[in-house]
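Chemist: In this text, residue positions in the sequence shown follow our numbering: the first is 51, and each later residue adds one. Please read through the structure below; I'll follow up with questions.
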Amino acid sequence: MRYTVDRAGRVTEAQGPGWTESYAYDALGNQTDAAWSAAHPGAEATGPRVYSSTDLVAAGHVRFERDAAGRPTVRRRPRISRKPDVWRYAWNAQDQLTGVTVPDGTHWHYRYDPLGRRIAKQHLDTDGAVLEETRFTWHEGTLVEQTATSHQWPVAQIQTWEFDEDGLVPVAQTERFTDLSEVPQQHYDSRFYAIVTDLIGTPTELVDEHGAVAWRRTATVWGGTTWNQDATAYIPLRFPGQYHDLETGHHYNLHRHYDPETGRYLSGDPLGLFPAPNPATYVHNPLTRADPFGLSPYDPIRIKAGQQLPGAYHLSPAEMDFVKQLTAKRPNLQVYRTHGEKFQGDFMVVDPSDPKNLVAFVVDHKMGGGNAGQQLKNAMTAARHVNITDPKRVITGAGDTPKLLELMSRGRGEWNR
51 MRYTVDRAGR VTEAQGPGWT ESYAYDALGN QTDAAWSAAH PGAEATGPRV YSSTDLVAAG
111 HVRFERDAAG RPTVRRRPRI SRKPDVWRYA WNAQDQLTGV TVPDGTHWHY RYDPLGRRIA
171 KQHLDTDGAV LEETRFTWHE GTLVEQTATS HQWPVAQIQT WEFDEDGLVP VAQTERFTDL
231 SEVPQQHYDS RFYAIVTDLI GTPTELVDEH GAVAWRRTAT VWGGTTWNQD ATAYIPLRFP
291 GQYHDLETGH HYNLHRHYDP ETGRYLSGDP LGLFPAPNPA TYVHNPLTRA DPFGLSPYDP
351 IRIKAGQQLP GAYHLSPAEM DFVKQLTAKR PNLQVYRTHG EKFQGDFMVV DPSDPKNLVA
411 FVVDHKMGGG NAGQQLKNAM TAARHVNITD PKRVITGAGD TPKLLELMSR GRGEWNR
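Here's what the structure looks like:
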């Protein structure tokens with residue numbers, strides 16, 4: 051694929067064999083027009099976008115109705131020679147999507163734990179009886195397993211995902227089946243798949259134990275996904291932190307739900323306008339950035355000594371030297387490059403030796419210049435990338451290499467003062 055971007059770094063065109071996409075945007079990052087192949091799902095949503103303030107009310111031929119909080123309550127998609135497909139959404143006071151009535155008249159109910167993580171979804175018939183249920187298991191902010199059951203089949207399908215050390219990029223999927231009628235229950239027919247991902251960690255292929263491709267995706271720039279018809283496996287993971295709901299076509303993104311047909315969230319950012327001026331848009335370029343928690347468009351990149359990074363993440367010689375000297379003295383530290391926007395700092399340093407009490411040191415590296423500390427305003431955004439949400443566990447510092455190395459040399463106890 052070949053991509054064209056505008057001066058703001060947003061994708062305006064994607065071209066490949068038999069494939070073309072195009073997008074236009076306004077100053078706030080809202081899509082104003084979108085086009086992709088008519089053979090790809092969601093073609094009804096291609097065309098101009100219509101807004102009321104920042105609320106999307108139409109995408110191509112798809113129409114939305116919204117409540118007073120700007121959340122969609124109805125989505126209508128036209129169909130040839132029959133009534134339109136209609137989805138109806140229900141929300142709670144915490145801006146969580148609690149239920150969806152789908153075009154066939156059945157209902158999906160979503161349940162959350164006190165931390166806001168979705169722990170189950172139930173498919174109910176028109177009488178309220180449970181037809182099927184999927185339960186979710188989490189490790190902090192990362193979805194690691196799902197268990198699917200059906201009233202028509204006494205077997206549970208369990209899918210487990212393993213991730214890289216940062217918990218963002220999936221590397222393996224294991225499937226197994228459990229006969230619920232057996233006591234004790236036994237697992238059988240276990241299958242292992244290696245997960246191939248793109249640059250930011252979105253699954254593109256599943257490879258089975260014999261090296262055969264069991265699933266291969268085709269996707270639009272903004273995540274609308276289909277896969278090969280002869281697939282023998284399936285993975286619901288999409289952009290980092292996202293899970294695809296077949297019943298709606300949306301992606302569950304921990305704190306919000308994302309619509310890949312429109313490239314935006316269904317509800318506003320729980321953090322308000324702090325992370326970005328537009329509370330509903332996704333990242334400005336989904337080919338290079340991600341929003342794994344549905345909170346803010348942010349993607350620190352972990353780096354190692356001597357490693358150079360492209361584009362906005364490029365390191366100066368002084369910054370390269372800082373990373374080299376720091377990791378030489380403290381090889382256990384995890385160093386992230388966070389210079390995607392000028393207010394996000396230059397580096398985030400994490401000591402992983404005590405996972406239950408992580409501390410993040412967000413660094414504004416200076417080379418003798420002024421404005422020290424001006425890049426530390428969004429330090430908490432960086433820390434959330436590694437699941438640190440307590441401001442007391444985020445330490446900031448600004449200075450040149452000698453000063454920063456001196457601060458780091460004080461050790462963990464001094465950081466957490």
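Every residue, glycine too, gets a C-beta built ideally from N, C-alpha and C. No experiment lies behind these values; they were computed from the predicted model shown.
Measuring CB atoms only, is the stretch 301-321 touching the stretch 266-276, in the sense that at least three cross pairs come out at less than 8 Å?
Modeler: yes
Chemist: Could you check the C-alpha separation between serine 131 and aspartate 154 for me, to the nearest Å?
Modeler: 17 Å
Chemist: Below 8 Å on the Cβ atoms is my contact criterion, and I expect tyrosine 302 with tyrosine 315 to pass it. Report the Cβ-Cβ distance as a whole number of Å.
Modeler: The Cβ separation is near 11 Å, so there is no contact.
Chemist: Assuming methionine 370 is part of the alpha helix (DSSP H), what are its boundary residues?
Modeler: 367-379
Chemist: Between the stretch 72-85 and the stretch 329-336, do at least 3 Cβ pairs fall closer than 8 Å?
Modeler: yes
Chemist: According to DSSP, proline 253 sits in a beta bridge with which residue or residues?
Modeler: Thr247
Chemist: So glycine 457 is in the alpha helix (DSSP H); what residue range does that whole segment cover?
Modeler: Position check: residue 457 holds leucine in this sequence, whereas glycine was assumed. Unbroken alpha helix (DSSP H) run through leucine 457: 451-458.
Chemist: To which residues of the same chain is threonine 276 closer than 6 Å at the C-beta, ignoring the five residues directly before and after it?
Modeler: Pro91, Thr268
Chemist: Evaluate glycine 361 with the Cβ neighbour count: other Cβ atoms within 10 Å of its Cβ, from every protein chain shown; 16 or more gives buried, anything less gives exposed.
Modeler: Unreliable placement is indicated for glycine 361, whose pLDDT of 49 sits below 50; no coordinate value is reported for it.
Chemist: How big is the Cα-Cα spacing for lysine 379 and asparagine 278?
Modeler: 49 Å
Chemist: With a 10 Å radius around its C-beta and 16 neighbouring C-beta atoms as the bar for buried, classify tyrosine 238 as buried or exposed.
Modeler: Burial is judged here by how many other beta carbons sit within 10 angstroms of a residue's own beta carbon; tyrosine 238 has fewer than 16 and is exposed.
Chemist: Can at least three beta-carbon pairs, one atom from the stretch 280-295 and one from the stretch 131-143, be found at a separation below 8 Å?
Modeler: no
Chemist: Considering threonine 104, what are the terminal residues of the beta strand (DSSP E) in which it resides?
Modeler: Looking at the DSSP string, threonine 104 is not in any beta strand (DSSP E), and its letter there is neither H nor E.
Chemist: Mind checking which residues open and close the beta strand (DSSP E) that includes methionine 398?
Modeler: First-last of the beta strand (DSSP E) with methionine 398: 397-400.
Chemist: Return the CA-CA distance between glycine 3 and threonine 192, expressed in angstroms with no decimal places.
Modeler: Only positions 51 to 467 of the chain appear in this structure, which leaves residue 3 out of reach.
Chemist: What beta strand (DSSP E) runs, 3 residues minimum, are completely inside the stretch 130-202?
Modeler: The beta strand (DSSP E) runs lying completely inside the stretch 130-202 and spanning 3 residues or more are 132-141, 147-151, 157-162, 168-174, 180-189, 192-200, given in chain order.
Chemist: Tell me whether alanine 269 sits in a helix, a strand or coil according to DSSP, three-state version.
Modeler: strand
Chemist: How would you write the range of the alpha helix (DSSP H) that arginine 434 sits in, first residue to last?
Modeler: 429-434
Chemist: At which residues does the beta strand (DSSP E) containing glutamine 358 begin and terminate?
Modeler: Taken as a continuous stretch (DSSP letters only), glutamine 358 belongs to no beta strand (DSSP E), as it is neither H nor E.
Chemist: Can you tell which of Val436, Gln65, Thr377 has the C-alpha that lies nearest to the C-alpha of methionine 458?
Modeler: Thr377
Chemist: Does DSSP put arginine 125 in a helix, a strand or coil?
Modeler: strand
Chemist: What does the alpha-carbon distance come out to for the pair asparagine 382 and alanine 410?
Modeler: 14 Å
Chemist: What is the DSSP secondary structure of arginine 226, counted as helix, strand or coil?
Modeler: strand
Chemist: Does the distance from the C-beta atom of tryptophan 141 to that of threonine 148 stay below 8 Å?
Modeler: yes
Chemist: Is it the case that the Cβ atoms of tryptophan 265 and alanine 244 are separated by a distance below 8 Å?
Modeler: no
Chemist: In angstroms, rounded to a whole number, what distance separates the CA positions of alanine 109 and glycine 447?
Modeler: 45 Å
Chemist: Shortest alpha-carbon distance to glutamate 94 belongs to which of Arg125, Pro67, Ala118?
Modeler: Nearest C-alpha to glutamate 94: Arg125.
Chemist: By Cβ distance, which residues of its chain are closer than 6 Å to valine 4, with the 5 residues on each side in sequence left out?
Modeler: Only positions 51 to 467 of the chain appear in this structure, which leaves residue 4 out of reach.
Chemist: Tell me glutamate 115's beta-bridge partners as DSSP assigns them.
Modeler: Answer is Val124, bridged to glutamate 115.
Chemist: Helix, strand or coil for glutamate 63? Go by DSSP, reduced to three states.
Modeler: Glutamate 63: strand per DSSP, three-state reduction.
Chemist: Indicate the three-state DSSP secondary structure (helix, strand or coil) for alanine 93 in the structure shown.
Modeler: helix
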